[in-house]
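In the numbering used here, the protein residues as written are -2 to 64.
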């Protein structure tokens, strides 16, 4: 599945399916009862805009299913 990433150096969005989940701490629940995944996603290949291999917290990523 492709995810939507934003290069932190160039502020440009791109899609990639070449990533891996790292630092997966599982699902956390906040005080209001909302659940979220506490993990990071690392690109396997360098960013096409700046050449770095970025790591993103899942909360920084856009949902690929949102319109």
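All residues carry an ideal CB built from backbone N, CA and C; glycine is no exception.
Closest in alpha carbon position to residue 6, among 59, 60, 52 and 56, is 52. Beta-bridge pairing by DSSP links residue -1 to no other residue. Listed as beta-bridge partners of residue 49 by DSSP are no residues whatsoever.
DSSP links residue 34 through a beta bridge to 24.
Per DSSP, the unbroken beta strand (DSSP E) holding residue 12 starts and ends at 10 to 13.
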